[in-house]
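Residue 601 is where the sequence shown starts when you use my numbering, and the numbers rise one by one after that.
Report on the following structure.
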Amino acid sequence: MGARCDSVFHAIPDPPHRPTQTHCDRSQVPGASACFPTTTATARHACLGLERNHRFAMVSRLLGRTRMSFRQPHTDAILVLGSLALGGCAYQADSFSYAREPFNGVYMTVDCLDVAIDHQSRRSASKNVITYAFGNRCDDPVVVDLASVRVFGRANDGTEMQLFAFDPANEIRAMRIDGRAVGREAIEYPSDDTLKSMCVDAGSITRSRVPRWVCFDDRD
């Protein structure tokens, strides 16, 4: 699904506070776009060069390094990279990468979190897999609430619906990520219908009151 900026879906209610102006930045990901307020976080911190070791646990299963793997759909929640041990330099703001490995997807900054959101239709058994990669650009811990992420889909016949994470064991929950730490996760959002497009509110990851929508269509 190719990412795009649009008005998302009619099914999504208007937020209590809307940004005064938005624009699309296509520079970060070729062929993709991200909608975000013009007033983005500007805090930039240099790497301290100190040896740090952060552990961010979102699920009980730990996977090696930063590689992702996918299970067969509808047999278990697709939850990837429950923990990362970061040695050496901590995450650098605006880098959208760690250990020289860039985050995949559409780049956005939401409060203290640099987030990359991607759709994994070509690399998984299910077409409704969304991946999240994020780095805390601040020195203090920040909440990452993947359990509350708002995701909507549109079927081929135009039907719009809210999608929910496949999580039968209730493993997805709000967690705090340490300052300058990094995490990644992949989550399946099953649907009985074949979806033409999916939209994810990146702002809801940090419980922001301002929505930050990223949409993917079925060409991705």
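Quick reminder that beta carbons are idealized off the backbone N, C-alpha and C, glycines included.
Whose C-beta lies closer than 7 angstroms to the C-beta of residue 715 among residues of the same chain, with five residues either side of it excluded?
Translated into the one-based positions of the sequence shown, residue 715 becomes position 115. If you ignore the 5 residues before and after residue 715, its C-beta comes within less than 7 angstroms of the C-beta of 708, 732, 734, 802 and 805, all in its own chain and listed in chain order.
Keeping to the same chain, check which residues put their C-beta closer than 6 angstroms to that of residue 720; ignore five residues upstream and five downstream.
For the purposes of this step, residue 720 is identified with residue 120 of the sequence shown, where counting begins at 1. Around residue 720, the same chain offers 729 and 731 as residues with beta carbons nearer than 6 angstroms, after the five sequence neighbours per side are excluded.
Can you name the start and end residues of the beta strand (DSSP E) that residue 713 belongs to?
Along the sequence shown, read from residue 1 onward, the residue named residue 713 stands at position 113. Start and end: 713–719.
Coarse secondary structure for residue 733, derived from DSSP in three states
Counting from 1 along the sequence shown, the entry for residue 733 is found at position 133. Secondary structure at residue 733: strand, using DSSP grouped into helix, strand and coil.
By DSSP's criteria, residue 754 is part of a beta bridge. Which residues make up the other side?
Your numbering for residue 754 matches position 154 in the sequence shown. Beta-bridge partners of residue 754 (DSSP): 760 and 797.
Spatial neighbours of residue 704 in its chain, beta-carbon cut-off 7 angstroms, leaving aside the 5 residues before and after
Stepping through the sequence shown from its first residue, residue 704 is reached at position 104. 716, 718, 731 and 733, listed in sequence order.
Give me, in chain order, the residues of the same chain whose beta-carbon lies closer than 6 angstroms to that of residue 753; leave out the 5 immediate sequence neighbours on both sides.
Mapped onto the sequence shown, residue 753 falls at position 153. Answer for residue 753: 761, 763, 791, 795 and 798, listed in chain order.
Are residue 740 and residue 774 touching if we call contact CB-CB under 7 angstroms?
Taking the sequence shown and counting its residues from 1, one reaches residue 740 at position 140. Taking the sequence shown and counting its residues from 1, one reaches residue 774 at position 174. Residue 774 sits away from residue 740, with the two beta carbons spaced by 7 angstroms or more.
I'd like the list of long-range same chain contacts for residue 759, defined as Cβ closer than 8 angstroms, with 5 residues on each side in sequence excluded.
As a working mapping, residue 759 is identified with position 159 in the sequence shown. Within the same chain, residue 759 has close Cβ partners 793.
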